[in-house]
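The sequence shown begins at 73 in this note's numbering and counts up by one.
Structure first, then comments.
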Amino acid sequence: MAEAPDPDRENPAAYEVLSERDFALLVKDPDSAVGRKIVLFGVVTQFDAATGTRQFRADTGPIQLESAYAYNQNTAVEARDAALVADVVEDDVVKMYVEVGGSVSYDTQIGGRTTVPGVIVNMIEIVD
């Protein structure tokens, strides 16, 4: 069954701007925020053959920071359509309008396993 269109997906006003505390609470329990529309800023840390054309990892936060190195929350980002993120590359600093997808677990490159917040990006801007 096809997913019902959501007219608010492309409406920036439909997305919450979180405080740092609210973001920390979301990170603590992303499964409790599934479907919530929020604004995230961050730096793309991995977008390569291993992640594919629709998914990437980013270090994120709720506000735009002066240094890309200041973002520290590892986040799994997925686009419904690869065309949305076709121009995004590793080290880009981005502003994203996302829906929280819950927690995502994946195997790390050093042989461990980690769980991070997962989001679905609906709009993205390269800001640096």
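Glycine included, every Cβ here is placed at the ideal spot set by N, Cα and C.
Bear in mind that the values here come from a model prediction, so they are computed numbers and not experimental data.
Beta-carbon proximity of residue i to residue j, cut-off 8 Å
i	j	result
VAL161	VAL116	yes
LEU112	VAL191	yes
ILE110	TYR87	yes
TYR143	PRO84	no
GLU138	VAL166	no
ASP129	GLN118	A quick correction: the sequence has Arg, not Asp, at residue 129. Yes, the Cβ-Cβ distance between ARG129 and GLN118 is below 8 Å.
VAL106	GLY184	no
VAL176	ALA148	yes
Reference residue i; option with closest CA among the options
i	options	result
SER104	ALA130, VAL166 and GLU171	GLU171
ASN146	LYS109, THR132 and ASP153	THR132
PRO134	GLY114, GLN118, ASP120 and THR186	GLY114
VAL188	ASP179, MET195 and ARG81	ASP179
LEU156	ASP78, MET195 and LYS100	MET195
ARG81	LYS100, SER91, ARG108 and ASP159	ARG108
Element boundaries [alpha helix (DSSP H), containing residue i]
i	result
LEU156	Taken as a continuous stretch (DSSP letters only), LEU156 belongs to no alpha helix (DSSP H), as it is neither H nor E.
LEU90	First-last for LEU90: undefined, no H or E at that position.
Residue i, buried or exposed, once every other Cβ within 10 Å from all chains shown has been counted against 16
i	result
VAL89	exposed
GLN121	The residue you asked about is not Gln; residue 121 is Ala in the sequence shown. Looking at its Cβ environment, which holds fewer than 16 other Cβ atoms inside 10 Å, ALA121 is exposed.
Unbroken beta strand (DSSP E) run spanning residue i, endpoints
i	result
TYR169	165-179
PHE205	What the structure shows of the chain is the stretch from 73 to 200, and residue 205 is not part of that stretch, so it cannot be assessed.
GLY190	185-198
GLY107	No beta strand (DSSP E) contains GLY107, which DSSP labels as neither H nor E.
Are at least three pairs of beta-carbons, each pair with one atom in the segment 118-128 and one in the segment 87-106, less than 8 Å apart? no
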